[in-house]
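Working notes, structure below.
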Amino acid sequence: MVRKGIKLILQSNLGYTNISEVTTCNELMNELQKKQCSHLLLDIIFSDGTALEVIGNIRQLYPELKVMIFSMQLAEVYGDAFRQFDIHYFLSKTLGEEETTSYLKKFLNNEAPPSQVPNIFSQSNPFSALSPRELEVIHYLLNGYQTKDISRTLNLSMSTISTLKKRIFEKTETENFKQLLELASLYNINF
């Protein structure tokens, strides 16, 4: 539903007609290979993974591509992770039509991103301290994946996944999965 709304804004309010939609990381990479794109609106969560899993490849293959993150996920949690990939636009799906249109217009006209209103809670959000790789792992953890499954999915060793899990628990000051899940729920971290 949200994708249809954005597509309508892009077409009706901003006059863009050449718009492609994908639902998986695999479809995204195939579409980028088939079609020369100047701008990409990218959600964080796909049915087969997360944007953090493919953004490194996207940046390497298409360094000039302008990317905007468009998600329900919190900017204060994911902002730093995506800034490491030179992505400075982060648009919340909760914004109204007018704000969304204005933000999209700036992005599509290659204007500097509007300064974000500082969030006084961002420093206290324990998830904002996680690295991009830790955010990838926590996505799978919160979806019930075991260490072995995460290892296979991300093509990392089980010891690396165990180390990342340990860091996640340390940074979030949780001792077990149940506490981590409760904390994620408290901070509206949805996976």
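Following my numbering, the numbering of the sequence shown begins with 2 at its first residue and continues without gaps.
Just so it is clear, CB atoms sit at the ideal spot from N, CA and C, and this is done for glycine as well.
Here the structure is a predicted model, which is why all the values come from computation and not from measurement.
Asked                                                                                                                                                            : Found
Here's the rule: buried if 16 or more other CB atoms are within 10 angstroms of the residue's CB, otherwise exposed. What is Phe-83?                             : buried
Could you give the residue range of the beta strand (DSSP E) that holds Lys-179?                                                                                 : Where Lys-179 is concerned, there is no enclosing beta strand (DSSP E), although the alpha helix (DSSP H) it sits in stretches over 178 to 187.
Measure the alpha-carbon distance for Leu-17 versus Asn-31 and round it to whole angstroms.                                                                      : The sequence as given places Tyr at residue 17; Leu does not occur at that position. For Tyr-17 and Asn-31, the distance between alpha carbons rounds to 21 Å.
Give the DSSP-derived three-state secondary structure of Lys-36 in the structure shown.                                                                          : coil
Roughly how far, in whole angstroms, is the beta-carbon of Phe-128 from the beta-carbon of Thr-173, given that I think they are within contact range, below 8 Å? : 7 Å
Under DSSP, the alpha helix (DSSP H) around Val-23 begins and ends at which residues?                                                                            : Premise fails: Val-23 is in no alpha helix (DSSP H) and is neither H nor E.
For Phe-86, name the three-state secondary structure that DSSP assigns.                                                                                          : coil
In the structure shown, what three-state DSSP assignment does Met-30 receive?                                                                                    : helix
Beta carbon of Met-69, beta carbon of Asn-191: below 8 Å?                                                                                                        : no
Grab me the residues of Val-118's own chain with a C-beta within less than 8 Å of its C-beta, minus the 5 sequence neighbours each way, in chain order.          : Bear in mind that the predicted position of Val-118 carries a pLDDT of just 44, short of 50, making it unreliable; the figure below should be weighed with that in mind. No residues qualify anywhere along the chain.
At which residue ranges does the region 100 to 161 contain complete alpha helix (DSSP H) runs of 4 or more residues, listed in the order of the chain?           : 133 to 143, 148 to 155
For Ser-72, list the residues DSSP reports as bridge partners.                                                                                                   : Ser-93
Can Thr-51 and His-140 be called in contact, C-beta distance under 8 Å?                                                                                          : yes
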